[in-house]
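Per our numbering, the sequence shown starts with residue 36, numbered consecutively. Below: the structure, in structure tokens.
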Amino acid sequence: MTATSAAPGASSRLLVVRNDKLGDFMLAWPALARLKAARPAPHVSVLVPAYTAPMARLCPWIDQVLIDPGDGATRAEQRRLLSEVRAARFDALLTLFSTPRIGWLGWRAGIPLRLAPATKWAQLFYNRRVVQRRSRSEKPEYRYNVDLAEALLGELDLAPATAPEPPYWPLPEGERRAQRRRLAEELALDPTRPWVFLHGGSGGSAVNLAPERYARLVQEVDARLPGARRAQWVLTAGPGEEATAAAIQAPLLEAGIEVHRLPPRAGLDDFARTLSAADLFIAGSTGPLHIAGCLDIATAGFYPAHRSATPLRWQTCNRADHRLAFCPPTSAGEQDMATIEIPAAAEAISDLLRRLPAEVTSGS
36 MTATSAAPGA SSRLLVVRND KLGDFMLAWP ALARLKAARP APHVSVLVPA
86 YTAPMARLCP WIDQVLIDPG DGATRAEQRR LLSEVRAARF DALLTLFSTP
136 RIGWLGWRAG IPLRLAPATK WAQLFYNRRV VQRRSRSEKP EYRYNVDLAE
186 ALLGELDLAP ATAPEPPYWP LPEGERRAQR RRLAEELALD PTRPWVFLHG
236 GSGGSAVNLA PERYARLVQE VDARLPGARR AQWVLTAGPG EEATAAAIQA
286 PLLEAGIEVH RLPPRAGLDD FARTLSAADL FIAGSTGPLH IAGCLDIATA
336 GFYPAHRSAT PLRWQTCNRA DHRLAFCPPT SAGEQDMATI EIPAAAEAIS
386 DLLRRLPAEV TSGS
């Protein structure tokens with residue numbers, strides 16, 4: 036046992052930090068699953084903003100959720116956080132995205148082992164560093180996170196078990212059936228036909244297709260599916276994105292396509308559980324797309340051509356045969372989403388829908 040390991044017979048107490056956007060946090064779930072699969076299983080806490088805390092409380096790989104008040108918090112709030120972290124007596128800190136404030140927090144809290152990517156001057160606060168060079172986008176973001184988790188397990192002498200596989204958000208028995216029954220009643224959907232969810236918003240971060248391009252995509256997919264297998268479309272929207280959903284829906288209703296708006300949900304956690312009802316989820320590289328990926332729902336993501344935002348880097352963490360990715364050609368501008376070929380995307384999406392097993396689209 037190393038000097039930083041927990042006492043014999045005790046579980047290692049780990050604090051994992053991913054305190055930025057929802058999509059980034061969802062791509063940490065494979066790493067959290069990796070940590071929790073170790074033997075002996077550690078006690079895993081996470082430090083997240085209040086926004087993603089509802090999702091953290093749903094994660095089966097997390098034992099405790101701590102709320103990060105953020106960079107703009109008052110001194111009193113920062114002192115409260117420091118006291119909370121100190122009192123928890125963590126054996127190790129794993130920061131998946133390194134920032135000076137969190138590094139300083141871990142150092143001041145006296146956490147003996149502090150591991151993070153070796154990036155910028157924030158690494159000075161960590162005594163274990165892993166060189167990753169994520170900006171090169173050589174592997175998926177979730178894989179970079181898993182690499183850090185495995186490095187931490189090695190430092191703690193925790194035996195790694197077999198690596199978990201999708202879904203990284205395994206739902207309780209019957210949850211998906213319950214969500215499909217709920218949505219079928221709310222929107223009068225036919226459970227024997229595919230349900231395709233489409234999220235046209237960007238969450239203020241990712242570049243996405245314009246509403247008229249999404250409307251054309253839906254029409255192209257609809258034209259390629261036989262009558263009995265024609266999809267039923269459900270448009271989702273986050274706060275402030277309702278106008279985008281309406282702009283997608285209007286031309287589709289005029290074209291006679293069956294398209295619905297997802298009814299309001301009680302919160303982010305309720306919204307996320309509703310996504311389990313989908314057979315396929317279409318979106319830009321946003322938080323909802325990565326929620327669907329964690330559920331191992333089939334996904335079709337639309338990405339810009341920017342080097343740090345490539346389809347490989349921000350790949351969803353579902354099975355390979357459950358995901359599609361589209362981006363502008365290399366000759367186009369980094370954020371020129373209008374150059375994505377909609378007919379080609381529609382062909383790939385309709386083919387994926389045809390290949391989904393019948394038991395998937397029946398809601399079993």
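Think of the CB as a built atom: it goes at the ideal place given N, C-alpha and C, for glycine as much as any other residue. No experiment lies behind these values; they were computed from the predicted model shown.
Three-state class that DSSP yields for residue i in the structure shown
| i | result |
| --- | --- |
| residue 194 | strand |
| residue 2 | Outside the displayed span of the chain (36 to 399) sits residue 2, for which this structure offers no information. |
| residue 388 | helix |
| residue 49 | strand |
| residue 72 | coil |
| residue 128 | strand |
| residue 351 | coil |
Beta-bridge pairing of residue i - partner residues as DSSP gives them
| i | result |
| --- | --- |
| residue 270 | 233 and 296 |
| residue 318 | 234 and 336 |
| residue 99 | 80 |
| residue 149 | 128 |
Status (buried if at least 16 other CB within 10 Å, exposed otherwise) for residue i
| i | result |
| --- | --- |
| residue 385 | buried |
| residue 96 | buried |
| residue 344 | buried |
| residue 129 | buried |
| residue 416 | The structure shown does not extend to residue 416, since the chain is modelled only from 36 through 399, so no value can be given for it. |
| residue 127 | buried |
| residue 65 | buried |
| residue 52 | buried |
| residue 261 | exposed |
| residue 133 | buried |
| residue 251 | buried |
| residue 225 | exposed |
Proximity below 8 Å, CB of residue i to CB of residue j
| i | j | result |
| --- | --- | --- |
| residue 103 | residue 79 | no |
| residue 187 | residue 266 | no |
| residue 206 | residue 311 | yes |
| residue 123 | residue 48 | yes |
| residue 162 | residue 143 | no |
| residue 89 | residue 303 | yes |
| residue 201 | residue 308 | no |
| residue 181 | residue 317 | no |
| residue 280 | residue 270 | yes |
For residue i, the first and last residue of its enclosing beta strand (DSSP E)
| i | result |
| --- | --- |
| residue 282 | That residue, residue 282, is in no beta strand (DSSP E); its alpha helix (DSSP H) goes 277-289. |
| residue 166 | Unbroken run through residue 166: none, as it is neither H nor E. |
| residue 159 | That residue, residue 159, is in no beta strand (DSSP E); it is neither H nor E in DSSP. |
Residue i: first and last residue of the uninterrupted alpha helix (DSSP H) it sits in
| i | result |
| --- | --- |
| residue 358 | Counting along the chain, residue 358 falls outside any alpha helix (DSSP H), though it belongs to the beta strand (DSSP E) covering 358-361. |
| residue 133 | No alpha helix (DSSP H) contains residue 133, which DSSP labels as neither H nor E. |
| residue 91 | 88-93 |
| residue 410 | Summary: the structure shown does not reach residue 410, with the chain confined to residues 36 through 399, and so no result is reported for it. |
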